[in-house]
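Protein chains in written order, with the numbering used here: chain A, 3 to 410; chain B, 3 to 410. Here's the structure, in structure tokens; my notes come after.
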């Protein structure tokens, strides 16, 4: 596996564009994106578990279920098209129909993504004008992925892209993607949109099963604020244009592809976690020694979601009591008197807790380690062999500022 | 039932005191309290469900289980005596032994409460000196309850007291209490300590059963930040000194007592919710039309705990999408297209959502309603007959400031 510079246009045959349509008045930000595949791309998708689902989520779920392959995705920010009733769903269908007409495709070959304010109808005149602008702009180059990655952001501060190359059957296969996160990022997927493209050839059912499994250890292990959204979507599109042999079973080729797809999902997820609203650092929580994989996940997510722990990480405060406390209310059974905790960052590692009580450590040294941009809490519960990692960020003054009046 | 001005010294035979022992250097705040009953008081208690339990919680749980009655409680703030191992538990026992010696009681007649930083040992010299100071100060007057209520606070901004008088068997029975909350307040009880005293005569098992039931609808329905603590404790002490008939079964007397005890628990819980760290308003969430009582509780707690909703309430922003979203990820099944939402405060009520989509309302009017000190979200899910209320507060810049460096 080789990490490469690129995004959703890295694999063969994928084009993209990002433009400003003007959905949110007074902003200069790009707000609509399109991804296009020259050949039909087998589609897999994972979606929010929130029972309140936005119109585009319902549409994309239908495509994943009923369509073998699709050709394009249209995404807008500013308005989520959630809680918008029949009118909202009809607007999503209208978007797909318009893009299909312009691209000479069928309506069912166009996936739709929306993110932004819940409860408002899309300004369809602006959206339609945006689609008209997008179609002639799509291109298979580095910049076009950057434009698309920028266009799907909301309160994110950084664009998010990742790409790798893997060898399958002697041929190079590329996997690349873009995503947006920020606000409402949580286990079970927050307000996040992710679009991953690959020129691999793979069986649709196998791709769906694989992506579902990967999401559990990547996008479902990140948390910004504990809220899960109405619009979360990760789509994976595989258009076979690498010319490699079709992956049909869990063989060596599948394993090579799996490694690449896992990497892209995990990198995108970590970029989201480290770019939570107002956040100043990526907070990683690694739990070892759990009795089951699921319990390892629950424990690490409970710590990474704790507001008190996140505020302490912001304050560079080695307040391990809050970590033990968050483990304790997770619902998972363990012996608090067997827990070890260490903090780790680029400048070193420090043991903070041994057997459930404070180790003899220097607060000054701990603060130094907690001052880095990426901080890891390493927790051992000595209750078994399973482990899991969760990613989140610190809780800051800016988080409150951003969310106190998001709609204005 | 008559609401009266008073706290834990309102019932006959209860004395209290609050003093500054000096546990946290550089502070002028009172930090130790004592409550004392002239006659043995039947003891009931509810405790944190966190599996990491502080030493005083383990001690008090033992008393509730093994003792028919106790005589006094000693409380300190500054250090929680949690995650302190054998030394911590021995310190708790030593506190009880010292207070017992000075009061001419048995060690097992003294309950202990601690709240503050996790993971540090109590400064026993200061604690012991504090107990010596407390004993001669205890008094049965209004001010002594105020002193005790003040002494148990941590980052709370206001003292919390409540009292009522009820008539049982023709005699006046008083129920009064004090509590502290702030930070880590959540369903399943946050870092909160509550001490309720009554001069009623009641069977111990009946009191325990009643208090357990009441806590579900009061202290377990408040949330400040979703974290639950290692130290949460509510004790109820009944010393029979009103001279009323002993309550032995669920008769009319029991109902009168139940009403009073529920009121005191609920008032104290609401005072905690409205005084969360950095909070500017009490946020009440009332859910109607749930299929089960438990689901009504889960739905209302999910909304009151949502960071995004709480930040919107702080910003006086009628962002009902976040409320629908929080209902949607609660895990409770309902039809999002049947949900109605209204906001209510002292200045009026406004319908915001009808059948899952935006009602035709004035944002200006909504902001006016959301600007009051107490704001209620009234939610109807049209799925049954059950209802529940949860209390919380808004999420503010000051919450982050307080928790970024609590230990310094």
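Just so you know, even glycine gets a beta-carbon here, dropped at the ideal spot from N, CA and C.
CB contact flag (residue i, residue j, <7 Å)
{"i": "residue 345 of chain B", "j": "residue 371 of chain B", "result": "yes"}
{"i": "residue 243 of chain A", "j": "residue 15 of chain A", "result": "yes"}
{"i": "residue 348 of chain B", "j": "residue 354 of chain B", "result": "no"}
{"i": "residue 1 of chain B", "j": "residue 201 of chain B", "result": "Past the boundaries of the shown model lies residue 1 of chain B; chain B is included only from 3 to 410, so the question cannot be answered."}
{"i": "residue 154 of chain B", "j": "residue 182 of chain B", "result": "yes"}
{"i": "residue 263 of chain B", "j": "residue 240 of chain B", "result": "no"}
{"i": "residue 1 of chain B", "j": "residue 338 of chain A", "result": "There is simply no residue 1 of chain B to check, as chain B begins at 3 and stops at 410 in what is shown."}
{"i": "residue 25 of chain B", "j": "residue 61 of chain B", "result": "no"}
{"i": "residue 352 of chain A", "j": "residue 367 of chain A", "result": "yes"}
{"i": "residue 52 of chain A", "j": "residue 232 of chain A", "result": "yes"}
{"i": "residue 358 of chain A", "j": "residue 292 of chain A", "result": "no"}
{"i": "residue 333 of chain B", "j": "residue 120 of chain A", "result": "no"}
{"i": "residue 122 of chain A", "j": "residue 81 of chain A", "result": "yes"}
{"i": "residue 196 of chain B", "j": "residue 285 of chain B", "result": "no"}
{"i": "residue 412 of chain A", "j": "residue 238 of chain A", "result": "Because chain A spans 3 through 410 in this model, residue 412 of chain A falls outside it and cannot be assessed."}
{"i": "residue 340 of chain B", "j": "residue 384 of chain B", "result": "yes"}
{"i": "residue 400 of chain A", "j": "residue 280 of chain A", "result": "yes"}
Local conformation of residue i per DSSP, three classes
{"i": "residue 120 of chain A", "result": "coil"}
{"i": "residue 188 of chain A", "result": "Low per-residue confidence applies at residue 188 of chain A: pLDDT is 40, beneath 50, and the placement is therefore not dependable, though the value from the model is reported in the following sentence. Residue state, collapsed to three classes: coil."}
{"i": "residue 84 of chain B", "result": "coil"}
{"i": "residue 347 of chain A", "result": "strand"}
{"i": "residue 399 of chain A", "result": "helix"}
{"i": "residue 377 of chain B", "result": "strand"}
{"i": "residue 20 of chain A", "result": "strand"}
{"i": "residue 28 of chain B", "result": "coil"}
{"i": "residue 144 of chain B", "result": "helix"}
{"i": "residue 134 of chain B", "result": "helix"}
{"i": "residue 304 of chain B", "result": "helix"}
{"i": "residue 42 of chain A", "result": "strand"}
{"i": "residue 195 of chain A", "result": "strand"}
{"i": "residue 93 of chain A", "result": "helix"}
{"i": "residue 34 of chain B", "result": "strand"}
Cβ-based burial, residue i [other Cβ within 10 Å; buried from 16]
{"i": "residue 213 of chain B", "result": "buried"}
{"i": "residue 364 of chain B", "result": "exposed"}
{"i": "residue 335 of chain B", "result": "exposed"}
{"i": "residue 300 of chain B", "result": "buried"}
{"i": "residue 93 of chain A", "result": "buried"}
{"i": "residue 373 of chain B", "result": "exposed"}
{"i": "residue 29 of chain B", "result": "exposed"}
{"i": "residue 255 of chain A", "result": "buried"}
{"i": "residue 273 of chain B", "result": "buried"}
{"i": "residue 6 of chain B", "result": "exposed"}
{"i": "residue 106 of chain A", "result": "exposed"}
{"i": "residue 378 of chain A", "result": "buried"}
{"i": "residue 253 of chain B", "result": "exposed"}
{"i": "residue 27 of chain B", "result": "exposed"}
Integer Cβ distance of residue i from residue j, believed to fall under 8 Å
{"i": "residue 391 of chain B", "j": "residue 223 of chain B", "result": "6 Å"}
{"i": "residue 297 of chain A", "j": "residue 220 of chain A", "result": "Residue 297 of chain A to residue 220 of chain A, Cβ: 19 Å. No contact."}
{"i": "residue 258 of chain A", "j": "residue 170 of chain A", "result": "5 Å"}
{"i": "residue 203 of chain A", "j": "residue 160 of chain A", "result": "Going by Cβ atoms, the distance from residue 203 of chain A to residue 160 of chain A rounds to 33 Å, so no, they are not a contact pair."}
{"i": "residue 176 of chain B", "j": "residue 205 of chain B", "result": "That belief does not hold up - the Cβ atoms of residue 176 of chain B and residue 205 of chain B are roughly 19 Å apart, past 8 Å."}
{"i": "residue 48 of chain A", "j": "residue 287 of chain A", "result": "Rounded, the Cβ-Cβ distance is 22 Å, inconsistent with contact."}
{"i": "residue 68 of chain A", "j": "residue 44 of chain A", "result": "Their Cβ separation, rounded to whole angstroms, is 13 Å, which puts residue 68 of chain A and residue 44 of chain A out of contact at 8 Å."}
Cut-off 7 Å between Cβ atoms - residues of its own chain near residue i, not counting five sequence neighbours on either side
{"i": "residue 189 of chain A", "result": "The predicted model places residue 189 of chain A with a pLDDT of 31, which falls under 50 and marks its position as unreliable, so this point remains unresolved."}
{"i": "residue 397 of chain B", "result": "309, 312, 313 and 316"}
{"i": "residue 4 of chain B", "result": "166 and 167"}
{"i": "residue 97 of chain A", "result": "76, 114, 129 and 133"}
{"i": "residue 99 of chain A", "result": "109"}
{"i": "residue 102 of chain B", "result": "108, 109, 111 and 112"}
{"i": "residue 118 of chain A", "result": "79, 80, 81, 82 and 156"}
{"i": "residue 265 of chain B", "result": "3 and 166"}
Close-in-space but distant-in-sequence residues of the same chain around residue i (CB under 8 Å, 5 per side omitted)
{"i": "residue 104 of chain A", "result": "133, 134 and 137"}
{"i": "residue 269 of chain A", "result": "164"}
{"i": "residue 147 of chain A", "result": "8, 9, 10, 11, 12, 18, 163, 178 and 180"}
6 Å CB neighbourhood of residue i in its chain, flanking five on each side removed
{"i": "residue 328 of chain B", "result": "304, 305, 308 and 311"}
{"i": "residue 20 of chain B", "result": "32, 35, 149, 150, 152 and 153"}
{"i": "residue 290 of chain A", "result": "382 and 389"}
{"i": "residue 318 of chain B", "result": "369, 372 and 373"}
{"i": "residue 40 of chain B", "result": "15"}
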